[in-house]
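Encoded as structure tokens, the structure appears first; notes follow it.
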Amino acid sequence: MAQVARPRASLAEDGWPVHTLDSAGKCDILLVSENFGTGHTRAAEAILRGIRSANAGVDVRLVEIGRVLRPRMNRLLVDSYLGIIRKTPFIWRAFYGWHREKSFPRSLQSFIRYALYTRLAELITLHRPRLVVSTHPFAAFGVARLKEQGWGFKLCTVITDFSAHGSWAHPQTDRYLVPADHVRNQLIRLGADPERIIVTGIPTDPVFWEEEDQAEVRRRLGLRQLPTVLIMGGGLGLGGMEQWVKTMVKWRNHMQILVVTGRNRQLYRSLVSDPMLDHPNIRITGYIQSLSEWMEAADLILTKPGAMTCTEAIAKVKPLLLYGTIPGHEEKNGQFLTRNGLALRLEGEDHLDEILDRFLSNPECFSPIRQAMLEWRRKIHPSRSVEAVLQMIGESPSRLSASGIHVGRR
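Here you go:
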């Protein structure tokens, strides 16, 4: 049997984890994810940081399975996924809707096992975890199949969208961590045991819950003290982001415009080379480690409805303006956010102009959204996911009191 070494993750300049290989041994908790988008792994990273902060004695590790075990196939699948949602999004919408109430078809299950998880048993053998925590449905499916074969670890699945698709549910799952009550109800309809479901919110790095002085953050980032809009497209800079950035150009003399293209290098190069965007009130950057600071510096956030980005914005109490979505899961995210008063859906460029004009005339016009965010925020504490995970291996959640996690009052 070929040996699979434990990945040690660091970050490249663009933020992609760089995996090197070293020796491994038995661990307490193995976090597993996939890099179809960035939110799944960011949720896993939030749990990892929370556990290490709460209890240094717990050995916890994080692996993006496909990138470690089958890197070439993983890259092919990710590129294919991105190509579909960019060029033929109706295909992804149809697939998502077709299997919304049931798990993957057998043909897809076989393909996933062959493409990504033929060596998963070796990885689990190498780490010998007491608990596996998955933040992606592919990873949860692969690990659950091992449990069916009699492996003795526990499995916790963390749902990282505001809707439960049938692919998340599996009878071998010992615990589900979900973002909201309605997701819990969806899982129950899919056949999950209600006693195994805990509403924790989407795991988010505690730094997003810290309250900082906005003016000081702006000074630290070299920004101006102006009304500020942050434009994002998730970690991959998707959703027609370039169109919305160029729509904002007409406002550059009236407000500050911050643009984060994430890991989309092509989009970054296109924007920085556009002379219309060469303006002292416009700042464009690629992937950044200090996203919480950029959110703190903003008054409004213009983004597609990725669940992780939107959860981070809610933690920061920054009103959300939502534009184009990835079909399926992000459409459900957007519906949830707008239905609960946590965001506004942009209907077009004229609608955005109307909103910005109203905002400049009356900065308090978004008070209802901020209030809804504060009420939602009070329901969810950043330590709740960490607490639930530690309980699964018999660790006392009381140790979290010394973790340094603090929720600002706002």
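For what it's worth, the working numbering labels the leading residue of the sequence shown as 1012, then goes sequentially. Positions of the beta carbon are idealized from the N, C-alpha and C atoms, including for glycine.
Looking only at its own chain, which residues have a Cβ that is under 8 angstroms from the Cβ of residue i, when we skip the five neighbours before and after it?
| i | result |
| --- | --- |
| Ile-1380 | Pro-1330, Leu-1331, Gly-1352, Leu-1353, Ala-1354 and Leu-1355 |
| Asp-1025 | Note on Asp-1025: pLDDT 39, under 50, position unreliable in the model; the coordinate value appears next. For Asp-1025, where only same-chain residues beyond five positions count, the Cβ hits under 8 angstroms are Arg-1274, Arg-1276, Gly-1297 and Tyr-1298. |
| Val-1069 | Asp-1039, Ile-1040, Ile-1062, Arg-1063, Leu-1401, Ile-1404 and Glu-1406 |
| Ala-1226 | Gln-1236 |
| Ile-1102 | Ile-1095 |
| Lys-1343 | Asp-1172, Phe-1173 and Ser-1174 |
| Glu-1159 | Gln-1183 |
| Ala-1423 | The chain is shown only over 1012 to 1421; residue 1423 falls outside these bounds and no answer can be derived. |
Considering only residues of the same chain and omitting the five flanking positions on each side of residue i, which have a CB-CB separation below 7 angstroms?
| i | result |
| --- | --- |
| Tyr-1334 | Gly-1250, Gly-1251, Trp-1255, Leu-1313, Lys-1315 and Leu-1357 |
| Ala-1309 | Thr-1239, Val-1240, Leu-1241, Leu-1269 and Lys-1329 |
| Ala-1155 | Leu-1166, His-1181, Gln-1183 and Thr-1184 |
| Glu-1223 | Glu-1307 |
| Glu-971 | The structure shown does not extend to residue 971, since the chain is modelled only from 1012 to 1421, so the question has no answer here. |
| Arg-1195 | Val-1189, Ile-1208 and Val-1210 |
Report the rounded CA-to-CA distance for residue i versus residue j, giving the unit in angstroms.
| i | j | result |
| --- | --- | --- |
| Arg-1388 | Trp-1305 | 19 angstroms |
| Gly-1048 | Glu-1375 | 34 angstroms |
| Leu-1142 | Gln-1267 | 46 angstroms |
| Phe-1426 | Phe-1370 | Nothing about residue 1426 can be read from this structure; the chain reaches only from 1012 to 1421. |
| Arg-1130 | Leu-1080 | 7 angstroms |
| Gly-1009 | Ser-1303 | Given a span of 1012 to 1421 for the chain in the structure shown, any question on residue 1009 remains unanswerable. |
| Asn-1373 | Arg-1263 | 18 angstroms |
| Thr-1215 | Glu-1323 | 7 angstroms |
| Asp-1033 | Arg-1207 | Confidence at Asp-1033 is low in this model, with a pLDDT of 44, below 50, so the placement of that residue should be treated as unreliable; the coordinate-derived value is given next. Approximately 35 angstroms between the Cα atoms of the pair. |
| Arg-1280 | Gly-1244 | 15 angstroms |
| Pro-1140 | Ile-1209 | 22 angstroms |
| Gly-1161 | Ala-1132 | 12 angstroms |
| Ser-1145 | Ile-1366 | 39 angstroms |
| Leu-1093 | Pro-1100 | 9 angstroms |
| Ile-1135 | Gly-1345 | 36 angstroms |
| Glu-1386 | Arg-1350 | 14 angstroms |
| Met-1084 | Asp-1090 | 10 angstroms |
| Phe-1164 | Leu-1157 | 10 angstroms |
| Asn-1066 | Pro-1205 | 28 angstroms |
Relative to the C-alpha of residue i, which residue among the options is closest?
| i | options | result |
| --- | --- | --- |
| Ala-1383 | Met-1266, Gly-1359, Phe-1347 and Gln-1267 | Phe-1347 |
| Leu-1137 | Glu-1341, Leu-1282 and Gly-1036 | Gly-1036 |
| Trp-1179 | Ile-1135, Pro-1338, Gly-1161 and Leu-1198 | Leu-1198 |
| Leu-1201 | Gly-1177, Arg-1280, Gly-1212 and Asn-1264 | Gly-1177 |
| Thr-1168 | Ile-1337, Trp-1162, Ala-1150 and His-1362 | Ala-1150 |
| Lys-1098 | Arg-1060, Met-1084 and Pro-1338 | Pro-1338 |
| Gly-1233 | Ile-1295, Leu-1282, His-1265 and Thr-1272 | Ile-1295 |
| Arg-1060 | Glu-1342, Ile-1391, Glu-1341 and Val-1218 | Val-1218 |
| Asp-1364 | His-1265, Arg-1350 and Thr-1349 | His-1265 |
| Ala-1105 | Leu-1093, His-1340, Glu-1360 and Gly-1359 | His-1340 |
| Val-1228 | Ser-1301, Gly-1359, Arg-1350 and His-1362 | Ser-1301 |
| Glu-1360 | Ala-1203, Asp-1090 and Glu-1253 | Glu-1253 |
| Ile-1058 | Ile-1213, Leu-1088, Arg-1230 and Leu-1087 | Ile-1213 |
Does the beta carbon of residue i come closer than 8 angstroms to any beta carbon on chain C?
| i | result |
| --- | --- |
| Thr-1322 | No chain C is present in this structure, which holds just one protein chain. |
Excluding the 5 residues flanking residue i on each side, which residues of the same chain have their C-beta closer than 6 angstroms to its C-beta?
| i | result |
| --- | --- |
| Thr-1211 | Leu-1188, Arg-1395, Ser-1396 and Ala-1399 |
| His-1290 | Arg-1263 |
| Phe-1152 | none |
| Lys-1390 | none |
Taking the runs of the alpha helix (DSSP H) that are 4 residues or longer, which of them lie wholly in the region 1233-1285? 1252-1258 and 1276-1283
Cβ contact (3+ pairs, closer than 8 angstroms) linking the region 1308-1327 and the region 1046-1061: yes
Does the region 1229-1240 come within contact of the region 1259-1269, defined as at least 3 CB pairs closer than 8 angstroms? yes
With three or more C-beta pairs closer than 8 angstroms as the rule, is the region 1073-1091 touching the region 1037-1048? yes
List, from N- to C-terminal side, the alpha helix (DSSP H) runs of 4 residues or more that fit wholly inside the region 1044-1072. 1050-1065
Which residue spans inside the region 1288-1326 form an unbroken beta strand (DSSP E) run of at least 3? 1293-1296 and 1311-1314
Measuring CB atoms only, is the region 1190-1207 touching the region 1169-1176, in the sense that at least three cross pairs come out at less than 8 angstroms? yes
Runs of alpha helix (DSSP H) lying entirely within the region 1133-1195, each at least 4 residues, in chain order: 1148-1159
To test your reading of the DSSP string, which unbroken alpha helix (DSSP H) runs of 4 or more residues are found completely within the region 1365-1406? 1378-1390 and 1395-1403
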